[in-house]
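First the structure, in the form of structure tokens, and then the observations on it.
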Amino acid sequence: MAHAAERWSRTAHDNGRRQLLDAGRALLMEAAAELALRSLTVRAVTKRAGLSSGAFYHYWETQADYIRELVTSSLDPEGLVDVDPGITAYTAVVHDQFDHETVIDLFERHVEHQASDDEFRVELLAASMPPGSPELASVREVYDHYRVELGALLRQIFGGAPLVDGITYEELAVMVAAIGDGCGIRRRLDPVAGGPDLARRLVIAVFATYVPCDDLTLERAYARIDEALRRPAPAPGRSGER
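Dropping the structure here:
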């Protein structure tokens, strides 16, 4: 009996120790993933590595894929956490550690971060409206009233400097105008998330992608075009007239 009690006590001790370590690993993974989502942007990682974003996307399709591999390989080199390649670092540790509500909360925070990542938005914008594409031509037709006036203003603000990827100032003006109108619509649907601050961040992110200049210049440029974006569109057939 004494030996049985001793074995039970030792087993309970080992089980408790393992449970606490498992819980600690889960929390550590969660904290690391939270930190990664905030800090490990594609821009930050490639800048530290001295490589281009193209090199990054050669290895990983998304930021989440990169973070999943980074976190799991850094914190769990011995394979202590069984990670399915098809799921994120979050679900790898929460699928049997937390209740459904917590899992959904973590997932929603991940999605919210992705949706608030300016670089991520610019990638989507650039993918949907590359120079010379039918999509950009269609958008240009809709926003033609901004093309000449706002394009000329942008050219003046940035001193006519050549833009990245051969994009023209008129094409840049179309994107900026589309962002302004899109954010105005979103503000009516979601007053908290939409509106001027969202437009400012998106437009500056687009400038940072296509215009070779410093952050302060980008902020000043947005301040100058903000008034132009707020003016009513010219009547049809009078594009560019003042």
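Residue numbers (this note's numbering): 885 to 1126. For glycine and all other residues, C-beta sits at the position ideal for the given N, C-alpha and C. Please read all numbers here as calculations on a predicted model, not as lab measurements.
Rounded straight-line distance, which links the Cα of residue j to that of residue i
{"i": "I1109", "j": "G1044", "result": "15 Å"}
{"i": "G934", "j": "R901", "result": "43 Å"}
{"i": "L1102", "j": "L904", "result": "50 Å"}
{"i": "V1060", "j": "A907", "result": "48 Å"}
{"i": "A1057", "j": "L1037", "result": "9 Å"}
{"i": "E945", "j": "R1039", "result": "34 Å"}
{"i": "E1055", "j": "C1097", "result": "18 Å"}
{"i": "L1047", "j": "G1035", "result": "12 Å"}
{"i": "A928", "j": "Y941", "result": "14 Å"}
{"i": "P1080", "j": "R1104", "result": "15 Å"}
{"i": "P936", "j": "Q947", "result": "The residue you asked about is not Pro; residue 936 is Ser in the sequence shown. Looking at the two C-alpha atoms, the distance is approximately 14 Å."}
{"i": "T930", "j": "D949", "result": "15 Å"}
{"i": "G1064", "j": "V926", "result": "25 Å"}
{"i": "E1033", "j": "I1041", "result": "12 Å"}
Selection from the options that minimises the alpha carbon distance to residue i
{"i": "D1049", "options": "F1091, G1066 and L1037", "result": "F1091"}
{"i": "Y1094", "options": "T1052, L924, T925 and A1062", "result": "T1052"}
{"i": "A1062", "options": "F1042, R1039 and V1087", "result": "V1087"}
{"i": "E953", "options": "S936, R932, L924 and A928", "result": "L924"}
Burial state of residue i, where buried means 16 or more other Cβ atoms lie within 10 Å
{"i": "R1031", "result": "buried"}
{"i": "Y1106", "result": "buried"}
{"i": "A1011", "result": "Bear in mind that a pLDDT of 46 at A1011, under 50, signals an unreliable position, so the number given afterwards is only what the model happens to contain. It counts as exposed."}
{"i": "G938", "result": "exposed"}
{"i": "G963", "result": "Residue placement at G963 is poorly supported in this model, since its pLDDT is 41, which falls under 50; the coordinates still yield a value, given next. When all chains shown are included, G963 counts as exposed."}
C-beta atoms of residue i and residue j nearer than 8 Å
{"i": "C1067", "j": "A1083", "result": "yes"}
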